[in-house]
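K.L.:
Pasting a structure here, questions to come.
In this note's numbering, the protein residues as written are 183 to 816.
Okay, structure coming up:
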């Protein structure tokens, strides 16, 4: 509203009144009384009324629902433990135990609601606790002289904690607040009230000022809020703390919430990492969690998939052929620090989004191709397809989850130092000084990018890509085309055709080698006709030869029309057994029984097989010629 008057025959302004307007916001609060708290229907109704009265000044309303029957955990005689200020996590172990037990008991959590546990007592004079930007909080249920829950006092404490947890409101006496006032001297909701003469009491200190209304309707940004002092509700490590959110005061979006629904999966792998790690060396291991019983830790682990991500980004190759609902384990030691890595593939063919490379940490805010976050125990980097669905997740288990995930964004080449990065991150650069961003040359050095490593990577990638054909049919003489790369050409293959397609991938050839038969492999040992991409390994035909590597091609040939070949996947020196991938006929092979426990076992197909190094399928087979090694150019 503006007041005008006429001056010198022109309109002039006498003054104006500007009114702030807000859209009404409605939130849901679940109250969970623990044993020892008598939360009656009357208290329930009064709590909602009082809470809505308090927040109505900020044009906010609450729908309060109660969840009864949760027995919680034994809090001991002292009640809920007070959160120690020196802890780096928002919730102390006892609080985390309550939350974990509740989620297991409840089954599903409303990600759009707040949850407050009402406890009968707590030590250290604690009345309530709810970290910034978190949906779980704890409140001690106050009782009146009659021993019943005091709904008015409860509403004030609940409103105060929701101010922290949902709206990131600071205490009025905080030096980091918009304005700093003496503690206990105001009637503001975010003050600590006093019962002394002339000061606000525990029930009527409920005022919210205009700057707080603004924050409620447009929450302030919280820069690296895991560094906030815990006494004021430091953001905690329960669930996932997403970097893009914690940097800019945002709430988890749909993509991030999708990952959080899988926390049971990630936590299970974290807890059982060593067991799965050891057992998956022999065979694929399906998870023991009912909800994720179709997920499996792959025997094909330890093939450097995280390193492939780095290499793929360097060459603009964002495609990976993994296993549907597969998990791959890898151990890395980078810059003197050890990391346990779990790679989760939601589907077989992974295509990462084009915008997974970020120029600054600030770009994590609204990026739909990549998200990065951490829990108390591990970091997560999640990748999404073009439709925003989870494609692949890298779980990083190290010494410091929040630092590790930030550093690994750089290790993988997803963010590199640049002037643009410094400019966009200038407001938070002092908070990430402990993270060193390496340029691409240093990253090559860290990853050990030498010629030998490049050759191994090319082999590993080719082997992974050839798994796409597992289960396809064997056809003597080959399918419709021995060289085409479409489905028509790959639906059916014979052994040498399959190997030729592997060599095309491993050696970086423009076309599938043709003609390519076992008889020609044999003759190339004398005339060197395949030496540009495939060379016989000296003395590999002998019984004591054990330098068998992934990607080596074995051969036995009794005549120009009677031979067999395949590709080595791995060699276990302890068991002296060789795992191969091959196209094999319906009659199978000698030592057929060794392969029957492999997932996807079949005959007359493309499959993985296990043979004894010196057994009848390899060294002791008539016409044994040994191994050939691919000449990679990648």
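For every residue, glycine included, the Cβ atom is placed at its ideal position computed from N, Cα and C.
All figures in this text were calculated on a predicted structure; none of them were measured in a lab.
1. Looking at residue 366: is its Cβ nearer than 9 Å to the Cβ of residue 342?
2. Note down, one range per segment and in chain order, each beta strand (DSSP E) of at least 3 residues found wholly within the stretch 486-571.
3. Tell me, to the nearest whole angstrom, how far the beta carbon of residue 501 is from that of residue 688; I am working on the premise that it is less than 8 Å.
4. Quick check on DSSP: helix, strand or coil for residue 680?
5. Within a Cβ cutoff of 7 Å, which residues of the same chain sit near residue 567, ignoring the five residues on either side of it in sequence?
6. Kindly confirm or deny that the stretch 349-362 and the stretch 324-338 touch, where touching means at least three C-beta pairs closer than 8 Å.
7. Checking 9 Å against the spacing of the C-beta atoms, do residue 727 and residue 750 come in under that value?
8. Taking only three categories from DSSP, how would you classify residue 808?
9. Please tell me whether residue 595 and residue 719 are closer than 9 Å, where the distance is taken between their beta carbons.
10. Answer with yes or no whether the minimum CB distance from residue 655 to chain C is below 9 Å.
11. Does residue 252 come out as helix, strand or coil in the three-state DSSP assignment?
12. Can you list the beta strand (DSSP E) stretches of 3 or more residues lying completely in the stretch 726-806, in chain order?
13. Taking buried to mean at least 16 other C-beta atoms within 10 Å of its own C-beta, is residue 642 buried or exposed?
14. Return the chain-ordered list of same chain residues with a C-beta closer than 7 Å to the C-beta of residue 747, the five sequence neighbours on each side being excluded.
15. On the criterion of 16 or more Cβ atoms from any shown chain inside 10 Å, does residue 407 qualify as buried, or is it exposed?
16. Can you list, in chain order, the residues of its chain whose CB lies under 6 Å from that of residue 215, leaving out five sequence neighbours each side?
17. Closest to residue 779 by C-alpha separation, out of 520, 466, 258, 422, would be which residue?
18. State buried or exposed for residue 236, treating a residue as buried only when at least 16 other CB atoms are found within 10 Å of its CB.
19. Would you mind stating whether residue 399 and residue 670 have Cβ atoms separated by less than 9 Å?
20. Looking at the structure shown, is residue 460 part of a helix, part of a strand, or coil, going by DSSP?
21. Let's test the definition: count the other Cβ atoms within 10 Å of the Cβ of residue 476 and tell me whether it reaches 16, buried, or not, exposed.
22. Among 344, 245, 441, 426, which has the Cα closest to the Cα of residue 394?
23. Can you tell me which of 683, 729, 797 puts its alpha carbon nearest to the alpha carbon of residue 763?
24. Taking only three categories from DSSP, how would you classify residue 356?
25. Leaving out five residues before and five after residue 655 in sequence, what residues of the same chain have Cβ atoms less than 7 Å from its Cβ?
26. Is residue 211 helix, strand or coil when you go by DSSP?
27. Within 10 angstroms of the Cβ of residue 608, are there 16 or more other Cβ atoms? Answer buried if so, exposed if not.
28. Could you check the C-alpha separation between residue 547 and residue 278 for me, to the nearest Å?
29. With a Cβ-Cβ cutoff of 9 Å, do residue 445 and residue 509 count as a contact?
30. Could you tell me the boundaries of the beta strand (DSSP E) in which residue 718 lies?
31. Going by other Cβ atoms of all chains shown within 10 Å of its Cβ, with 16 needed for buried, is residue 686 buried or exposed?
32. On the CB-based measure, 16 or more other CB atoms within 10 Å of its CB, does residue 667 come out buried or exposed?
33. May I have the straight-line CA-CA distance separating residue 188 from residue 205, to the nearest angstrom?
P.N.:
Per the coordinate set shown:
1. With respect to the 9 Å criterion, residue 366 and residue 342 are not classified as neighbours on the basis of their beta carbons.
2. 501-503, 508-516, 519-527, 531-533, 552-556, 561-566
3. No, residue 501 and residue 688 are not in contact; Cβ-Cβ is about 16 Å, not under 8 Å.
4. helix
5. 533, 535, 573
6. As far as the Cβ criterion goes, the stretch 349-362 does not touch the stretch 324-338, which means the pair count is below three.
7. no
8. strand
9. Not in contact: residue 595 and residue 719 (Cβ atoms no closer than 9 Å).
10. In summary, chain C is missing from the structure at hand, where a single protein chain is found.
11. coil
12. 735-741, 744-754, 759-766, 787-794
13. buried
14. 677, 678, 681, 700, 703, 735, 736, 737
15. At residue 407 the pLDDT is 36, less than 50, meaning the model places this residue with poor confidence; the figure from the coordinates comes in the next sentence. Buried, because 16 or more other Cβ atoms sit within 10 Å of the Cβ of residue 407.
16. 221, 300
17. Ranking 520, 466, 258, 422 by CA distance to the CA of residue 779 puts 466 first.
18. So residue 236 ends up on the buried side.
19. no
20. Looking at residue 460 - three-state DSSP - the assignment turns out to be helix.
21. exposed
22. 344
23. Looking at the Cα atoms, 683 is the closest of the given residues.
24. Coil, per DSSP.
25. Excluding sequence neighbours, residue 655 sits near 673, 674, 786, 787.
26. In the structure shown, residue 211 falls within a strand segment according to DSSP collapsed to helix, strand and coil.
27. Per the 10 Å Cβ criterion, exposed.
28. For residue 547 and residue 278, the distance between alpha carbons rounds to 27 Å.
29. no
30. Residues 716-718.
31. Under this definition residue 686 is a buried residue.
32. exposed
33. The straight-line gap separating the alpha-carbon atoms of residue 188 and residue 205 is approximately 36 Å.
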